[in-house]
Amino acid sequence: MIKKICILLIGFVALNGAAQKNYASVNNRLSAGVNAKGFLFDSLGYPALTAANLMLSNGAGIWLSAKDSLGEIRVAAHDVLKHQHEFWPGPLQLKTAIPSDSNTWNHIYPISSAQIKFHRAHYKDNQYQAAAEILNWPGSLGAPYTQILAPFVDAKVNDQIYTPTSGDFPYINCNQLIYSIANDNAGPHNISQAKSLGVEVHTSVYNFNATDSFLNNSVLVRYVVHNRSTRNYKNFRLSAITSFQIGNLENEFLGTDIPNQTLFAINDTSEATFKNKLVSIGCMAINQKISSTMYFNDDNNLLNGRPSTPTHFYNLMQGKWKNGKSLGFGGTGIDGNGKAKFVYPYASDDSNGNILWNEYGNISGKRIGILNSDSLELKSGAANIYDFVYFIVEEKFNNIKQINHFCLSLKKGLDERKVLKVVPEMGVSKTKINLFPNPLSAGGKLFIEMKTDLPMFARIIDINGKEISNYNLHGPENYIILPNNLVVGLYFMEFKTLNTIERQILNIN
Ligand SMILES: [Ca+2]
Ligand SMILES: [Ca+2]
Numbered sequence: 012m013i014k015k016i017c018i019l020l021i022g023f024v025a026l027n028g029a030a031q032k033n034y035a036s037v038n039n040r041l042s043a044g045v046n047a048k049g050f051l052f053d054s055l056g057y058p059a060l061t062a063a064n065l066m067l068s069n070g071a072g073i074w075l076s077a078k079d080s081l082g083e084i085r086v087a088a089h090d091v092l093k094h095q096h097e098f099w100p101g102p103l104q105l106k107t108a109i110p111s112d113s114n115t116w117n118h119i120y121p122i123s124s125a126q127i128k129f130h131r132a133h134y135k136d137n138q139y140q141a142a143a144e145i146l147n148w149p150g151s152l153g154a155p156y157t158q159i160l161a162p163f164v165d166a167k168v169n170d171q172i173y174t175p176t177s178g179d180f181p182y183i184n185c186n187q188l189i190y191s192i193a194n195d196n197a198g199p200h201n202i203s204q205a206k207s208l209g210v211e212v213h214t215s216v217y218n219f220n221a222t223d224s225f226l227n228n229s230v231l232v233r234y235v236v237h238n239r240s241t242r243n244y245k246n247f248r249l250s251a252i253t254s255f256q257i258g259n260l261e262n263e264f265l266g267t268d269i270p271n272q273t274l275f276a277i278n279d280t281s282e283a284t285f286k287n288k289l290v291s292i293g294c295m296a297i298n299q300k301i302s303s304t305m306y307f308n309d310d311n312n313l314l315n316g317r318p319s320t321p322t323h324f325y326n327l328m329q330g331k332w333k334n335g336k337s338l339g340f341g342g343t344g345i346d347g348n349g350k351a352k353f354v355y356p357y358a359s360d361d362s363n364g365n366i367l368w369n370e371y372g373n374i375s376g377k378r379i380g381i382l383n384s385d386s387l388e389l390k391s392g393a394a395n396i397y398d399f400v401y402f403i404v405e406e407k408f409n410n411i412k413q414i415n416h417f418c419l420s421l422k423k424g425l426d427e428r429k430v431l432k433v434v435p436e437m438g439v440s441k442t443k444i445n446l447f448p449n450p451l452s453a454g455g456k457l458f459i460e461m462k463t464d465l466p467m468f469a470r471i472i473d474i475n476g477k478e479i480s481n482y483n484l485h486g487p488e489n490y491i492i493l494p495n496n497l498v499v500g501l502y503f504m505e506f507k508t509l510n511t512i513e514r515q516i517l518n519i520n
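Under this note's numbering, the letters of the sequence shown match residues 12 to 520, in that order.
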């Protein structure tokens, strides 16, 4: 049923224009949806995370925090309980962090590799009408906002302006993707009661081709946080917040797989198994060090209840209870002994002698997990990237071993496909390219070493700018055989990728 809803939804998007929608989902074995506030959510029957007919999460998002130079705590939060967020659709103006109009920007941007392929093959055709998803891709914007919003390839003009009619196309490295642009500056922060950070958050939800069973059971969520304020944040943090619900009942237990940087939930056995399998869902941090995991309950408990002040959020994001008390090792974490940084780690906590601590002695219920990244500097004008993979595991058992096994295989699959490579989101970073040998002779083998996995278009041009030959390059190491008829003299090797262009002198002797 849910899968049908998702397919119908995408059909609707295609017919009526992607820009008119503020919610869409990517579909695989695991489906995920996102809205224009960067929230993976469940509203009007649209799931945050599902597999077939099975609900896995009814809301997932992020918390951001930092102290400013005056020592004041700043927070921006998604509220996984009431779905009233401290994020609004649209970008912020550079430096001033003035928000765009939230209503105008109340859109998400779904795109697929098939749509891009079709566009690239047909954009020159007579009568060709590009799909709404291609036309509406938020590639470029310009002053007073950032020039490049969502990654795209400047196919012909290389002017950093997204013009799909002249062959520009969205850049994605997965099967389906939804892009969402939000900010924390367009309204009051009524959940945390904190001042805003002045950040623009670009959320991408990816899915992958179904050929890899691990990737097929996963979606990747990338948050790129751009600091549009004039403040430098020395201890910026991002936490992934997930309200878990596997199936119909809120009867979950939490767990942390520390070596795999994963927070997960499992169903207790009071709920029927699904086709004789037990289902677990995990959230794994990919590119950031995780400093702690926590949870909170939907109640007024002074330690592990709902956070409602800037300090509450700040403490929880550092692995402490909201009143500042340390997480205890054992029990529910509020009544345990000693200190811990990770909640319910099974036997994966080295700092506590790998003593087993899981949740099986507790009463299962509604579980809201907090996966805390370590603090990082986020300077004015800079951006940090945070990748998380949500995944589903269906096994006969519901313990940490299956999570561990899945995480290792998933990481291998992601690595092999190079899906985690970072796109230069700002579109202005130069790629380091080394040519050797240089000088060399006509007909010789020229090695090109470049620190990027992005597809690269290269050409040799003479000093008058006339093209001699051109090449498509892929991967970090390449070589080309120079034409035999190059006469002695100076040339340029020109390299073009996404929105950047770079020339190097090539000396033929
Ligand atoms: Ca262009
Ligand atoms: Ca359940």
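Don't be surprised by glycine CBs; every beta carbon is placed ideally from N, CA and C.
For residue i, count neighbouring C-beta atoms within 10 Å of its own C-beta (all shown protein chains included) and say buried if the count is 16 or more, exposed if not.
i    : result
M467 : buried
V212 : buried
K331 : buried
S80  : exposed
I355 : Note that residue 355 corresponds to Tyr in the displayed sequence, not to Ile. So Y355 ends up on the buried side.
D179 : buried
P199 : exposed
H89  : buried
L419 : exposed
L67  : buried
D360 : buried
I366 : exposed
N348 : exposed
Y502 : buried
E144 : buried
N271 : buried
Q299 : buried
A108 : buried
G153 : exposed
E370 : buried
H133 : exposed
G424 : buried
A87  : buried
I516 : exposed
Between residue i and the rest of its own chain, which residues show a CB-CB distance below 8 angstroms, the 5 nearest in sequence each way excluded?
i    : result
K128 : none
G455 : P448, I492, L493
K336 : L314, I345
Q204 : S319, T320, P321
D279 : N262, E263, F264, S375
D310 : G316, R317
Compare the Cα-Cα distances from residue i to each of the options and report the closest residue.
i    : options                : result
G376 : V236, N495, E261       : E261
N201 : G101, K93, Y190        : K93
I472 : K456, V498, G455       : V498
S240 : Q256, T253, L208, T222 : L208
D136 : P270, A161, S177, S359 : S177
G115 : A193, A59, A394        : A quick correction: the sequence has Thr, not Gly, at residue 115. Out of A193, A59, A394, A193 has the C-alpha closest to the C-alpha of T115.
S480 : L51, G500, M504        : M504
K462 : L451, G424, I444, N383 : I444
G258 : I403, L51, N483, F417  : I403
Y401 : L41, E460, N69         : L41
Y217 : V210, V236, Y182       : Y182
F285 : L75, F163, E406, R131  : E406
Suppose the cutoff is 6 angstroms on Cβ atoms and the five residues either side in sequence are ignored; what does the same chain contact list for residue i look like?
i    : result
F275 : G266, S291, G293, I414
N243 : K390, S391
F458 : F447, Y490
A197 : W99, P110, S113
K507 : F468
H323 : K333
A142 : Q126
N220 : N186
L160 : P149, L152
L226 : F219, G424
P450 : N518, N520
F255 : S68, E263, A276, R378
Can you tell me the Cβ-Cβ gap for residue i and residue j, rounded? I've got them flagged as a contact below 8 angstroms.
i    : j    : result
D195 : E282 : The pair is not a contact, with the Cβ atoms about 37 angstroms apart (cut-off 8 angstroms).
F399 : A296 : 6 angstroms
I252 : I396 : The Cβ separation is near 18 angstroms, so there is no contact.
G72  : G44  : Not quite, the Cβ-Cβ distance comes to about 12 angstroms (not below 8 angstroms), so this is no contact.
V37  : I189 : 6 angstroms
Please list, in chain order, all residues of the same chain as residue i whose beta carbon is under 7 angstroms from its beta carbon, the five residues on each side excluded.
i    : result
E83  : K206
F353 : T267, I269, S303, T304, D360
N246 : A77, K78, S386
L327 : M305, F307, P318, K333, I381
Worksheet item: When a residue counts only if its C-beta is closer than 7 angstroms to some heavy atom of ligand 2, which residues count, in chain order?
Response: For ligand 2, the residues with a Cβ under 7 angstroms from any of its heavy atoms are, in chain order, Q256, I257, G258, N259, L260, E261, N262, E263, N278, E282.
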